[in-house]
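K.L.:
The opening residue of the sequence shown carries number 223 in the working numbering; numbering runs sequentially from there.
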Amino acid sequence: MKKKTSFYLIFGLLVISAFSASLIQNTSAATVFSITLLCPSTNPERVQWALIIESELPEIGIEANMDLTGWTPIISRTFGYPLGTYDYIPSYDEGGYDVLFMSYRWDLDMDPTGLYESSSIYPAGVNYYQYNNSEYDANKTLYDNAAIPIDRTNLAYNLQSILYEDLPVIPVLYPTDYYVYNDNLTGIDLLLLSLSDYKVTAWDDPIDHEINYSTPYQFFEFNTFRIENPYADMKWANPIYGSLFTHMQGSHYYDFEIANNFAYEIHSGGINITATLDSAAEFSDGSTVLPSDIEYTYELHMTPEVLSPFYGELTSMFSSNDSISIDGSDIAGGKVVFDVNQMLNFPESILSYGIIDKSEVEPLIATHGYDIFNDAPGTGNAG
C-alpha cells in the first residue's frame, strides 16, 4: 500500500515528573502535578505547539517546564530504547517516558500498519500501547490483502469497530482546519482541500470565473518533487498536477483522470498494475500525455539527486526504475506497467502521483541540473 502517512512527534515527550494528592477546584488552586515537556528544537511548528501547551497547562493546575532539546535524547527514550531489563519502555526515571504525545496523518487510503498489531509491539513497531487482539490481527491481515474496494471498505469498518470498543489509545487533540471562502464559490470539497488532494479545475466563481487564493504561509517548495509541508506548499502545488487517478469530489472514491482504464494482477511477489492512458489527455500547453511521461515522472522521484519526499516510499515498492515500463508503443492512449514488489490493497494509490512533461523537463535537467527543482515558478532556470 502506498503510504502518504506523515508520522512524527508533535513535541516529543510529555514527562510527568511529580504528583500531588490534592484536587484542583479553580485556576488559583495549588498545583496538582508538574510536567516536563521534552521537545525537539528542530521544527518551529513543534516548538510553537509545545510553547502553547506550556502556557496553557497552568490554567488547570499543572506546572509545566520546557526542555527544548535535540532528537538524540528523545530517540534514546523512545524509538531507540535499548530493551533489556524491561520488555517495554519504562518510566522517565528509568530511562523511558511517562506519557508520549504522537501525531499521525494519512490520506483517504487508510493504513494503520504498525500501530495496533500484536506483531508491532515495540521494538518491532510503534505499538507502544502493547495492544494485543487476535481478532484485530486477523482482520488487519485480510484488509492488507483486499484490493477489491467494497471488501476493503467493509474490513476497514471492522477494524474501526474493534478499536472503538477496546480504545487502545485515547486521542486528546483533534486538529481542525479552518477555511474561509466566498459563498458564491462552487466545487470546493473541504475534506479533499484539507488533504491537499483536490483539483482546482473543480472550483468556480459563477460571477466572474476568477478565484484569488491566499494563504497565511510563505511558500518554500514549489513542485511535487520537493514538497513536504502538507499545510501550505502542497495545498498550492499538488492540485495543479494531473495524475492517472484522483479522488472524486463528494464521494472521495478514486476515479480516472489521465488514465481511462487499469487492470491489476496479484501474485506471490506483489502486484502488477497496467494503466491505459486516455488518448485525449493533454498537458496545459496542448501537448499529448504519453506513457513515457508517466515512466519519466516516477523515475525522477526515484532518483536520489532529485531529493523527492517520495523517494523512500517508491523505492521500497519498486525494485528498480525498470519496474515501471511502457507496454507497446509510446503513443496517445498507450499503456504503462507498474511491477510492485509488495501487495497494495489500494492499487489506485500508486497511480495518483502528479505527472510532468518529459519533453519539457528532461532538457532543463540536462542543461541546468537538478537544482531547477528549487526554483519558484517564473524564476531561475526552470521558467
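For every residue, glycine included, the Cβ atom is placed at its ideal position computed from N, Cα and C.
(1) Which of helix, strand or coil does DSSP assign to G292?
(2) Mind pulling the alpha helix (DSSP H) runs of 4 or more residues that sit fully within the stretch 333-397?
(3) Near T423, what residues of its chain come up, given a Cβ to Cβ distance below 8 angstroms and the 5 sequence neighbours on each side ignored?
(4) Going by DSSP in three states, T258 sits in which element: helix, strand or coil?
(5) For A378, which residues from the same chain have a beta carbon less than 6 angstroms from its beta carbon, with the 5 sequence-adjacent residues on both sides left out?
(6) Just the C-alpha distance for T601 and Y575, rounded to the nearest angstrom, thanks.
(7) Pop quiz: P280 and A272 are said to be a contact at Cβ under 8 angstroms. What is the actual Cβ separation, rounded to whole angstroms?
(8) Grab me the residues of Y486's own chain with a C-beta within less than 7 angstroms of its C-beta, minus the 5 sequence neighbours each way, in chain order.
(9) Looking only at its chain, what residues have a beta carbon closer than 7 angstroms to the beta carbon of E357, apart from the 5 residues adjacent to it on each side?
(10) Using DSSP bridges, identify the partner residues of L279.
(11) Is I577 closer than 8 angstroms to L586 when the C-beta atoms are compared?
(12) Assuming I546 and F540 form a contact by the criterion Cβ under 8 angstroms, report the distance between their Cβ atoms to the nearest whole angstrom.
(13) Taking just the CA atoms, how far does E316 sit from L414?
(14) Which residue comes first and which comes last in the beta strand (DSSP E) that contains H489?
(15) In terms of alpha-carbon separation, which member of L512, I410, P531 lies closest to T446?
P.N.:
Taking the geometry as given:
(1) On the sequence shown, position 70 is the one that residue 292 refers to. Coil.
(2) 356-366, 371-388
(3) Counting from one through the sequence shown, the residue named residue 423 turns up at place 201. Nothing listed; no residue qualifies.
(4) Taking the first residue of the sequence shown as 1, we reach residue 258 at position 36. In the structure shown, T258 sits in a strand (DSSP, three-state: E or B).
(5) Reading the sequence shown from its first residue, position 156 is the one you call residue 378. Cβ neighbours of A378 beyond the five flanking positions: M332.
(6) Numbered from its first residue, the sequence shown carries residue 601 at position 379. Numbered from its first residue, the sequence shown carries residue 575 at position 353. Computed Cα separation, rounded: 24 angstroms.
(7) Taking the sequence shown and counting its residues from 1, the one referred to as residue 280 is at position 58. Taking the sequence shown and counting its residues from 1, the one referred to as residue 272 is at position 50. Incorrect: roughly 14 angstroms between the Cβ atoms, too far for contact.
(8) Here residue 486 corresponds to residue number 264 of the sequence shown, with the count starting at 1. Closer than 7 angstroms at Cβ, skipping near neighbours: A369, I493, N494, I495, P569.
(9) Within the sequence shown, the letter at position 135 stands for residue 357. Once the five neighbours on either side are set aside, the close Cβ partners of E357 are I384.
(10) Looking up residue 279 in the sequence shown gives position 57. DSSP lists no partner for L279.
(11) Within the sequence shown, numbered from 1, the residue matching residue 586 stands at position 364. Within the sequence shown, numbered from 1, the residue matching residue 577 stands at position 355. In this structure, I577 does not lie closer than 8 angstroms to L586 by Cβ.
(12) Residue numbering aside, residue 546 sits at position 324 when the sequence shown is read from its first letter. Residue numbering aside, residue 540 sits at position 318 when the sequence shown is read from its first letter. Yes, they are in contact, since the Cβ atoms of I546 and F540 sit about 7 angstroms apart, within 8 angstroms.
(13) Here residue 414 refers to the residue found at position 192 of the sequence shown. Here residue 316 refers to the residue found at position 94 of the sequence shown. In a straight line, the C-alpha of L414 is about 44 angstroms away from that of E316.
(14) One-based indexing of the sequence shown puts residue 489 at position 267. 481-489 is the span of the beta strand (DSSP E), which, as asked, contains H489.
(15) One-based indexing of the sequence shown puts residue 446 at position 224. The residue with the shortest Cα to Cα distance from T446 is P531.
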